[in-house]
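Novice: Take the sequence shown: its position 85, counting from 1, is numbered 85 in the numbering used here, and each next residue is one higher. C-beta atoms are modelled at their ideal positions from N, C-alpha and C, and glycine is treated no differently. This structure is a prediction, so every number in the text was calculated from the model and none was measured.
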Amino acid sequence: MTLNRQQFLGLTAATTTAAALPVEGSLRGVAGRHGFMFGAAVRSGALIADPRYRALVTHECGLATPEGELKWNAVDADRGYDFHRAEAIQAMLALSGVRLRGHTLVWHNALPRWAELALASPETGRRTLADHIQAVMAAWRGRIDSWDVVNEALDPGEADGMRRSPAFRGVGPDYVEVAFRTARDAAPTAELVYNDYGLEGTDGRSEAKRRALLRLIEQLKSRDTPIDAVGLQAHLSLEQAFDQPSYAAFVRKLSGLGVDIHVTELDVADHSTEAVPVRDRRIADRAEEFLDAVLDTPRARSIMTWGLTDLYSWLNDWGRYYRRDLTPARALPFDASYRPKPMADGIRRAMRGAPSRAA
Ligand code: XIL
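1) Among residues of its own chain, excluding the 5 on either side of L199, which ones have a beta-carbon nearer than 7 Å to its beta-carbon?
2) What number of angstroms, rounded off, separates the C-alpha of A20 from the C-alpha of L216?
3) Count the other CB atoms within 10 Å of the CB of M1; is the residue buried (16 or more) or exposed (fewer)?
4) Please confirm if the segment 267 to 279 is in contact with the segment 217 to 231, defined as three or more CB-CB distances below 8 Å between the two stretches.
5) With C-beta atoms as the reference, is V23 less than 8 Å away from H59?
6) In whole angstroms, what is the alpha-carbon distance linking L119 and G35?
7) Only counting the same chain, and skipping five residues up and downstream in sequence, which positions put a Cβ closer than 8 Å to that of F168?
8) When you compare only the Cα positions, how much space is there between V42 and W306?
9) Taking 8 Å as the limit between beta carbons, can you name the residues of its chain near V75, skipping five residues before and five after?
10) Who are the near neighbours of P156 in its chain, counting only those whose CB is closer than 7 Å to its CB and skipping five residues on each side?
11) What's the gap between the Cα of Q244 and the Cα of S121?
12) Answer yes if the segment 45 to 62 comes into contact with the segment 282 to 292, meaning at least three C-beta pairs across the two stretches below 8 Å, and no otherwise.
13) Here's a check: name, in chain order, each residue in its chain whose Cβ is nearer than 6 Å to the Cβ of S26, leaving out the five neighbours to either side.
14) Give a yes or no on whether the C-beta atoms belonging to A293 and I261 are separated by under 8 Å.
15) Taking the alpha carbon of D224 as the point to measure from, which residue in Y197, H235, L254 and V178 has its own alpha carbon closest?
16) What separation, rounded to the nearest whole angstrom, lies between the Cα atoms of R33 and R79?
17) Return the residue from the list Y321, L93 and T128 that minimises the CA-CA distance to S44.
18) Which full runs of the alpha helix (DSSP H) of 4+ residues lie inside the segment 271 to 335, going along the chain?
19) Could you check how far apart the C-beta atoms of M343 and L295 are, in whole angstroms? I think they sit under 8 Å.
20) Express the C-alpha separation of A329 and T273 in angstroms, rounding to a whole number.
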C-alpha cells in the first residue's frame, strides 16, 4: 500500500513518536541535531493534572527523570515494590518518544526507616543494597536504559572524601563498587552513572569535592568497576562564584578517566531583588557559561534541568532554598506560565556552540 503525503503525515502523527519529528526549535530538537539529549525531571502528579505541563514536557524533552517516583521511599511498599507512579510517567511520555532515566538506587536520603537501619548494619547491609538494586533494575529492564546507581556519596568534610551514609557504615567504604557491580549484573546493557552535586564553586569545599570525585572515579576505574558516566547535578546559584576555565579543566580531567558526562539536575538559584528581566538574563548567562564549560568535552552527552517550568521547581518546596524575599524561584528554562525564558535560549546556544560530536 502506498500512502499519499497527507496519509503518511497523518499516520506519522498518530503512531510514531515525536522523537522522530522533534519540533525544530525545541530543546530536544536542537539537542538531537547537535548530538545531545535534552530533558528534565518530571512529576507524575503534575503530568496527570496539568495538560499544558504535559504538552511542554513532550514538546521540549527527549529524556525525563522521575523527580521522586523511583527513590527508595517512593517505591518501597509494605509487600514488595510499588511502581505505579513511575509507571504513570512512563505511560504518559512513552508515546512521545521520551526516554526515562532512573533516579536513584543508592542514596542516603529518601530511605524508608527500615532500609536506613538495614543498610547501616554490617550483618544486613550488603544483602539489602544488592536486593534493592536487583529488584528495581529488573523491574525496569528494557524500559530504563540509564540509571543513577549511586547518588551523593561524597562529603568533602571527611578526610577520605566519603560521606558516612548508611551504606558506607553497613557495607563498608567499597559500597560504591559493590553497587555498580550489582547494577551491571542486574541490567547488563544499562548505562551506569555516578551522580553528585556541590562541584561548581571556587571555594575550598567545592575544590575538595572535585578532587574527591576525581579520586573516586579513578579508584573505581582502576578496579575495573563497571561505571559508564558521571552525572553533574549542577544546582547552580548566582550567589556562588563560578570559574569557567578551571571547571572546564575539571570536566576534561573527569572525562579523561574514561567516563561519559551528563548534566543531570541543572537549575540556577538566586536571591537577587533586581527586576525580573535582569535576573532572568543573569540566570541564563550563568547556565550558558556553565554548559559551555561542560560541553567543551566530546564525552558530554546530555543536559537535564531539575524541573522544566518555574511552576514546579523543588526550590519553591524546600524552606531552606526559599528566596530571601519569598518570591518564587526563576531557576528553570520556562516560566510559571510555560513561556520560554532567556535560559532556554542559553541552553540552545550552548548546544549549538559546542564542538561537534557524532549525532
Ligand atoms: C529533590 C526533589 O526535587 C524534591 O522534590 C524532593 O522532595 C527532594 O529531592 N539532588 C538530587 C535530587 O539528587 O534527588 C533532589 O531532588 C535534589 C537534589
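Specialist: Reading it off the structure:
1) S206, K209, R210, L213 and L232
2) Any reading at A20 is ruled out, since the residue's pLDDT is 45, under 50, leaving its predicted position unreliable.
3) The predicted model places M1 with a pLDDT of 35, which falls under 50 and marks its position as unreliable; any figure quoted below should be read in that light. Of the other Cβ atoms in all chains shown, fewer than 16 fall within 10 Å of the Cβ of M1; this residue is therefore exposed.
4) No contact exists between the segment 267 to 279 and the segment 217 to 231.
5) yes
6) 39 Å
7) A153, M162 and Y175
8) 8 Å
9) E69, Y81, D82, F83, A86 and V136
10) R205, A208, K209 and A212
11) 42 Å
12) The way I'd put it, the segment 282 to 292 doesn't touch the segment 45 to 62; fewer than three beta-carbon pairs between them come closer than 8 Å.
13) H59 and E60
14) no
15) V178
16) Taking the straight line joining both Cα atoms gives about 45 Å.
17) L93
18) 276 to 295
19) No, M343 and L295 are not in contact; Cβ-Cβ is about 15 Å, not under 8 Å.
20) 11 Å
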